[in-house]
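Under full-length UniProt numbering, the first residue of the sequence shown is numbered 1, with each subsequent residue one higher. Don't be surprised by glycine CBs; every beta carbon is placed ideally from N, CA and C.
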Amino acid sequence: MSYDLAFRYSQALDPSALVMIGTTLHAIHAAITDCRNAGLDLESDPAIILLARHLGTVCAGQPSQAARPLPTRYAGTAISLNGEPIQNRVSDPTSRITIAGKEVRIDTGCGVVSAVIRREREGLSLISNASSSDGSACTGARLTVHNQVMRLVNGPAAGIVDVNGDLLLAGEGVWLTARSN
1 MSYDLAFRYS QALDPSALVM IGTTLHAIHA AITDCRNAGL DLESDPAIIL
51 LARHLGTVCA GQPSQAARPL PTRYAGTAIS LNGEPIQNRV SDPTSRITIA
101 GKEVRIDTGC GVVSAVIRRE REGLSLISNA SSSDGSACTG ARLTVHNQVM
151 RLVNGPAAGI VDVNGDLLLA GEGVWLTARS N
């Protein structure tokens, strides 16, 4: 896969289509991936720098109450894990996330990962329950998703829901997005 320099520069120079934080972050993530694949320096790539500046502009235009902390009740369909779609094929089972009180359940389509949410002054911690499946019913990409979700629910985390009901649940090096039902 080659680095599409013309496309990245065009997108960075005219980011008018990138009016939401999520779409801008996706463009930055794609540019970073392209740079890494091409062996280019991330810190000096003009497209990444311009897109990062544009992200600041987009964020500055958002109302301060655009997101609220992780709620005690939430039900949604998991959309992406680390920026990649969870459901790669139509035949893949839909992944779901449910938050009820102090528990979060994430059905990866090949097993359920559940965790207890500890809300502390320092932030959130997710601790996986014994009721989590081990992912033994999974293979290939589905097993990778299951294992990444297990990493997400074992350690410090942060979670927010935006005004549209979209969820971001982030741990150390792993993040999941969901759309409310």
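Length of the line joining the Cα atoms of D107 and S95:
5 Å
According to DSSP, residues forming a beta bridge with A141
Answer by DSSP bridge pairing: none, since A141 is not bridged.
If you follow the beta strand (DSSP E) that P46 is in, where does it begin and where does it stop?
Not the beta strand (DSSP E): P46 falls in the alpha helix (DSSP H), residues P46 to A60.
Could you tell me if A12 is buried or exposed, where buried requires 16 or more neighbouring beta carbons within 10 angstroms of its beta carbon?
buried
What are the residues that DSSP puts in a beta bridge with A12?
None; A12 has no bridge partner.
Could you check whether the Cβ of I32 sits closer than 8 Å to any heavy atom belonging to the ligand NAD?
The ligand NAD is not part of this structure, which contains no ligands at all.
For A115, which beta-bridge partners are listed by DSSP?
V104 and S128
Can you give the beta carbon distance from V116 to I127, rounded, assuming they're within the 8 Å contact cut?
5 Å
Bridge-paired residues (DSSP) for I97
G76 and I106
For the 8 Å Cβ check, are there 3 or more pairs between the stretch 11 to 30 and the stretch 42 to 62?
yes
Straight-line Cα distance separating S44 from P93:
41 Å
Alpha carbon to alpha carbon, how far is S180 from I49? Give it in angstroms, no decimals.
32 Å
Measure the C-alpha to C-alpha separation of L143 and I86 and round it to an integer number of angstroms.
11 Å
Considering only C-alpha positions, which residue in the set L169, N164 and P46 is nearest to R151?
L169
Taking the beta strand (DSSP E) that G22 belongs to, which residues open and close that run?
Here G22 belongs to no beta strand (DSSP E); instead the alpha helix (DSSP H) covers I21 to A38.
May I have the straight-line CA-CA distance separating residue 220 from A31, to the nearest angstrom?
Outside the displayed range of the chain (1 to 181) lies residue 220, so it cannot be described from this structure.
Going by alpha carbons, who is nearest to A78 out of G173, G165 and E172?
G165
Checking 9 Å against the spacing of the C-beta atoms, do I97 and G83 come in under that value?
no
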